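S.K.: Protein chains in written order, with the working numbering: chain P, 33 to 440; chain C, 33 to 440.
Number of protein chains: 2
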Amino acid sequence: MKADTLITGISQLVTASGNGPKRGKEMRELKIIQRAAIAIVSGVIVWTGKESEWKGEAEIVVDAGHRAVVPGLVDPHTHAVWAGDRLADFEARTSGLSYEEILAAGGGIRSTIRATAAASQDELVALGKPRIDSLIASGATTIEVKSGYGFTPAAELAMLETIQVISQISPARIVPTLLIHVPPVSAANRPSYISEVCEELIPEVARRKLATAIDVFVEKEAWQIAEAEQFLEHAKRHHLAIKLHSDQFHSIGGVELGVRFGALSADHLEASGPDQIAELAASSTIATILPGVSIHLGIPAAPGRKLIDAGAAVAVGTDLNPGSSPLFSTSEALALSVRLNGLTAQEALVAGTINAACALGLKDIGRLEASCSADFLVLHGSDWRELVYTLGRNAVRDVWIGGKRVQE
Amino acid sequence: MKADTLITGISQLVTASGNGPKRGKEMRELKIIQRAAIAIVSGVIVWTGKESEWKGEAEIVVDAGHRAVVPGLVDPHTHAVWAGDRLADFEARTSGLSYEEILAAGGGIRSTIRATAAASQDELVALGKPRIDSLIASGATTIEVKSGYGFTPAAELAMLETIQVISQISPARIVPTLLIHVPPVSAANRPSYISEVCEELIPEVARRKLATAIDVFVEKEAWQIAEAEQFLEHAKRHHLAIKLHSDQFHSIGGVELGVRFGALSADHLEASGPDQIAELAASSTIATILPGVSIHLGIPAAPGRKLIDAGAAVAVGTDLNPGSSPLFSTSEALALSVRLNGLTAQEALVAGTINAACALGLKDIGRLEASCSADFLVLHGSDWRELVYTLGRNAVRDVWIGGKRVQE
């Protein structure tokens with residue numbers, strides 16, 4: 033065998049193994065190869081194994097210096113493109129107001145929507161790109177980015193176009209999602225807005241391939257089940273995959289709706305109870321939990337432990353956004369999921385790699401095995417557990433995407 | 033007036049004002065100067081004010097680029113020198129064991145003591161220095177470092193000597209503390225160990241000025257009140273200041289003991305109740321809280337909000353250590369104190385600057401006013417609140433210590 037690049041000197045190569053999401057106990061089953069090597073051809077892994085067992089040739093050999101290697105992280109839930117800041121909200125909340133009170137009062141998300149609408153594409157790219165770079169530095173090699181601060185169909189399209197521009201200039205794989213986020217302020221305007229989204233926005237997004245999935249914020253203060261159902265039906269008709277913001281503050285049926293529509297993922301789940309956990313465990317829908325929101329807003333942590341114990345497939349993301357999760361590190365999201373959601377270190381790694389990839393419908397990333405994209409991280413230390421153990425410091429040394437080192 | 037260095041282009045200069053700790057409501061009173069400048073002579077601030085009001089000359093002018101400036105952070109509680117790792121403990125805990133169970137079983141701290149005892153001074157410096165560098169990068173300009181993994185008097189002296197070496201090669205001001213940490217395993221050996229510490233270790237540490245304060249771990253599984261009292265009496269006789277680890281798991285009288293001895297600070301306080309809060313509020317002892325421990329161990333957060341509301345002076349530190357707080361960022365400790373301990377952004381800044389300085393008995397740091405050391409941070413953004421708002425990314429751009437830029 034002849035490789036373009038051979039990575040040697042890997043103290044531990046640590047990865048989930050085999051295609052598809054890992055559920056329940058499977059989330060603790062990692063493949064660990066000591067003194068490993070990775071062979072790469074044209075950006076794709078062609079072989080992994082013990083370094084001593086490599087029999088081929090390689091054009092370039094890169095020594096990882098007896099450091100641990102894990103798959104590139106997949107951040108399956110971000111809102112990384114926004115303008116303005118929410119520092120005033122942050123101050124208001126730390127003096128006692130709840131996120132929902134700020135939302136209901138027309139502050140919160142709506143102030144971000146106004147600022148984002150007022151910004152040019154160049155400005156939004158200049159603001160969004162460094163945030164994506166922070167996530168990459170923290171280990172993310174694939175990053176989902178949602179629209180949703182656009183509000184009007186035209187503004188949503190503009191947001192997706194901005195995400196496309198960032199995608200073109202970023203070394204990471206960017207996965208765009210059309211997010212139907214906040215309803216019109218006046219209830220009277222909801223039906224016409226829903227029509228516009230269903231009849232114009234969704235078809236155009238699908239036609240221009242500006243997003244691979246739709247996401248709807250299902251919540252007492254946002255979209256109701258019957259409304260969300262209309263969005264999902266139209267999205268399905270146009271072959272968009274489905275994701276849902278559900279059970280963040282109230283469990284009003286978002287999980288059940290998502291499962292019924294075969295959603296890729298149901299995200300948040302802080303307010304999910306035994307029924308929702310059982311629904312997810314019995315479904316193909318990934319349960320994506322977002323510990324940054326719990327730490328930032330002080331809301332209960334999603335029941336990660338219970339979801340896994342029930343047999344669900346759990347993924348973890350940053351939910352990077354200015355209002356409810358200013359968390360700029362995908363690896364720190366994993367570290368927080370161990371502390372806040374009761375995941376083990378092994379489960380956190382699976383949640384941030386293969387399961388997060390499945391939450392985006394991607395099969396060629398999230399694990400280090402032949403035929404997968406050569407997206408991997410060289411850590412500073414020789415023990416992979418430092419990735420989820422360390423707080424407030426980046427455990428990631430080198431980031432490789434598609435066989436190329438993009439950060440060292 | 034003639035300055036060596038003039039810092040201009042400061043969007044906001046944000047600082048506590050006036051000498052001494054800030055208590056209760058005073059912790060929300062920040063002095064904010066818009067479009068400010070700082071004049072420095074020989075590493076000391078000689079003037080601050082609006083840039084337009086500076087009338088003097090300056091040899092060097094440094095433009096902060098319309099960025100916010102805050103005082104250098106003071107990390108008043110770290111155990112930054114250790115060998116070995118606690119990744120196995122971390123795995124054990126995330127599979128259900130408690131910190132105290134691991135401690136009682138002879139694991140936990142004792143494994144760090146064994147590894148630290150086995151390491152040479154060179155090895156400990158090589159391990160400790162990068163950790164101090166991480167704290168500096170996160171904004172710490174003064175850092176307390178405790179001994180306490182030495183156990184035998186000779187090994188404690190060696191640890192303090194190691195801290196002295198790190199102090200000499202670090203740009204930060206390092207404040208060494210003699211920590212009497214873990215008792216002998218056998219109860220029969222406690223009296224002789226106490227004698228050794230009181231009759232030999234404390235006098236020698238004081239004579240050689242290897243530490244400015246003593247600290248004792250008062251806890252059910254560590255030192256009892258009557259034992260701690262002996263250490264404190266001897267320390268007082270030798271003019272060492274006093275600090276205490278108290279109320280981390282159980283409130284067994286550590287706070288009351290500290291207050292009675294006029295301690296600089298009582299640290300941890302996770303298990304403190306109304307009586308301990310009232311004691312601290314009525315005393316000169318700083319209440320130092322350590323949110324890294326709460327997030328890492330999942331123990332209750334110290335009652336920061338209640339302490340301030342009662343009128344206490346609260347400080348915040350990382351408690352950087354491998355077992356209970358692998359938190360390598362002093363600014364993230366402040367960010368966590370807002371989320372976990374209920375501090376406002378203003379209170380967190382005061383807790384991490386002037387109050388933390390007072391917890392170390394230092395008067396010339398922790399605020400940006402004439403006659404203070406020119407220790408300050410230039411943030412990435414123009415709004416100082418990003419320092420405590422941002423999670424998982426360093427909001428600190430440049431770190432200045434004693435009028436010199438040590439990181440940019």
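Glycine included, every Cβ here is placed at the ideal spot set by N, Cα and C. Being a predicted model, the structure only gives us computed values, none of them experimental.
Taking the beta carbon of P:His300 as the centre, do at least 16 other beta carbons fall within 10 Å, making it buried, or is it exposed?
M.R.: It counts as buried.
S.K.: So if I threshold CB-CB distances at 8 Å, which residues from the segment 407-428 of chain C count as touching chain P?
M.R.: Those would be Asp415, Arg417, Glu418, Tyr421, Thr422, Leu423, Gly424, Arg425, in chain order.
S.K.: Kindly give me the distance between the Cβ atoms of P:Gly336 and P:Val325, rounded to whole angstroms, as I take these residues to be in contact under 8 Å.
M.R.: That belief does not hold up - the Cβ atoms of P:Gly336 and P:Val325 are roughly 13 Å apart, past 8 Å.
S.K.: Between which residues of its own chain and C:Phe183 is the CB-CB distance below 6 Å, once the five residues before and five after are set aside?
M.R.: For C:Phe183, where only same-chain residues beyond five positions count, the Cβ hits under 6 Å are Ile145.
S.K.: Can you name, in chain order, every residue of its own chain whose Cβ lies under 8 Å from the Cβ of P:Leu272, other than the five neighbours on each side?
M.R.: Leu210, Ile234, Val237, Ala238, Ala243, Thr244, Ala245, Ile246.
S.K.: If I follow the unbroken alpha helix (DSSP H) through C:Thr148, where does it start and stop?
M.R.: Residues 141-150.
S.K.: Short of 7 Å Cβ to Cβ, which residues in the segment 151-179 of chain C face chain B?
M.R.: No chain B is part of this structure, whose protein chains are labelled P and C.
S.K.: How many Å lie between C:Leu423 and C:Ala220 at the Cα?
M.R.: Approximately 47 Å between the Cα atoms of the pair.
S.K.: Output the boundary residues of the alpha helix (DSSP H) element that contains P:Ala169.
M.R.: From DSSP, the alpha helix (DSSP H) with P:Ala169 extends over 153-169.
S.K.: Check the C-beta distance from C:Ser74 over to C:Asp36 and give it rounded, since I have them as a contact under 8 Å.
M.R.: The Cβ separation is near 7 Å, so the contact holds.
S.K.: Are there 16 or more other CB atoms within 10 angstroms of the CB of C:His328, so buried, or fewer, so exposed?
M.R.: Burial call: buried.
S.K.: Tell me whether C:Ala115 is buried or exposed, calling it buried when 16 or more other Cβ atoms sit within 10 Å of its Cβ.
M.R.: Under this definition C:Ala115 is a buried residue.
S.K.: Going by DSSP in three states, P:Gln280 sits in which element: helix, strand or coil?
M.R.: Correct three-state label for P:Gln280: coil.
S.K.: On the three-state DSSP scale, how would you describe P:Asn426?
M.R.: Looking at P:Asn426 - three-state DSSP - the assignment turns out to be coil, as it is neither helix nor strand.
S.K.: Given a limit of 8 Å on CB to CB distance, which residues of the segment 317-333 of chain C reach chain P?
M.R.: Cβ contacts with chain P: Gly324, Ile327, His328, Gly330.
S.K.: Using CA atoms only, rank isn't needed, just tell me which of C:Pro108, C:Leu322, C:Thr317 is closest to C:Ala334.
M.R.: It is C:Leu322.
S.K.: Helix, strand or coil for P:Gly343, going by three-state DSSP, please let me know.
M.R.: P:Gly343 falls in the coil class under three-state DSSP.
S.K.: Count the other CB atoms, across all protein chains shown, that sit within 10 Å of the CB of P:Arg240; report buried if there are 16 or more and exposed otherwise.
M.R.: Per the 10 Å Cβ criterion, exposed.
S.K.: Only counting the same chain, and skipping five residues up and downstream in sequence, which positions put a Cβ closer than 7 Å to that of P:His266?
M.R.: Around P:His266: Cys230, Ile234.
S.K.: For the segment 371-382 of chain C, which residues have a CB atom closer than 7 Å to at least one CB atom of chain P, in sequence order?
M.R.: Residues passing the 7 Å Cβ filter: Arg371, Thr376, Ala377.
S.K.: With a threshold of 8 Å, are at least 3 pairs of Cβ atoms found where one atom belongs to the segment 50-65 of chain C and the other to the segment 429-436 of chain P?
M.R.: Touching, no.
S.K.: Under 8 Å between C-beta atoms, does P:Ser361 make it to chain C?
M.R.: It does: the Cβ of P:Ser361 has a partner Cβ on chain C nearer than 8 Å.
S.K.: Beta-carbon within less than 7 Å of C:Val410's beta-carbon, same chain only, minus the 5 sequence neighbours each way: which residues are those?
M.R.: Result list for C:Val410: Ala96, Arg99, Val101, Arg429, Asp430, in chain order.
S.K.: For chain C, find out if any of its Cβ atoms is closer than 8 Å to the Cβ of P:Ser127; answer yes or no.
M.R.: For P:Ser127, the answer is yes, since a Cβ of chain C falls inside 8 Å of its Cβ.
S.K.: Spatial neighbours of P:Glu83 within its chain, please: C-beta separation below 8 Å, excluding the five flanking residues on both sides.
M.R.: Cβ neighbours of P:Glu83 beyond the five flanking positions: Thr40, Gly41, Ile42, Arg67, Ala68, Ala69.
S.K.: Among P:Pro223, P:Leu192, P:Gly330, P:Ser315, whose alpha-carbon lies nearest the alpha-carbon of C:Leu372?
M.R.: Of the candidates P:Pro223, P:Leu192, P:Gly330, P:Ser315, the one whose C-alpha sits nearest the C-alpha of C:Leu372 is P:Gly330.
S.K.: Give, in chain order, every unbroken run of the beta strand (DSSP E) that is at least 3 residues long and sits entirely within the segment 387-413 of chain P.
M.R.: Whole beta strand (DSSP E) segments, 3+ residues: 408-411.
S.K.: Which of the three DSSP states is assigned to P:Thr362 in this structure?
M.R.: It is helical.
S.K.: If you check the beta carbons only, do C:Leu289 and C:Ala260 fall under 8 Å apart?
M.R.: Yes, the Cβ-Cβ distance between C:Leu289 and C:Ala260 is below 8 Å.
S.K.: Report yes or no: do the segment 383-397 of chain C and the segment 190-203 of chain C share at least 3 C-beta pairs separated by less than 8 Å?
M.R.: Too few Cβ pairs lie closer than 8 Å, so no.
S.K.: According to DSSP, is C:Ala333 helix, strand or coil?
M.R.: Of the three classes helix, strand and coil, the one that applies to C:Ala333 here is coil, per DSSP.
S.K.: Taking 8 Å as the CB-CB cut-off, is P:His123 touching chain C?
M.R.: Position check: residue 123 of chain P holds Glu in this sequence, whereas His was assumed. At least one chain C Cβ lies under 8 Å of P:Glu123.
S.K.: Here's a check: name, in chain order, each residue in its chain whose Cβ is nearer than 6 Å to the Cβ of C:Ala147, leaving out the five neighbours to either side.
M.R.: If we look at C:Ala147 and ignore the five residues flanking it on each side, its Cβ neighbours are Ala115, Gly116.
S.K.: Is C:Asp307 helix, strand or coil by DSSP?
M.R.: In the structure shown, C:Asp307 sits in a helix (DSSP, three-state: H, G or I).
S.K.: In chain order, what residues of the same chain have a beta carbon less than 8 Å from the beta carbon of C:Glu193, not counting five sequence neighbours either side?
M.R.: The residues are Gln153, Leu242.
S.K.: Below 8 Å CB to CB, which residues in the same chain sit around C:Leu159 once its five sequence neighbours on both sides are set aside?
M.R.: Excluding residues within five positions, the ones whose Cβ falls inside 8 Å are Val113, Trp114, Ala115, Ala151.
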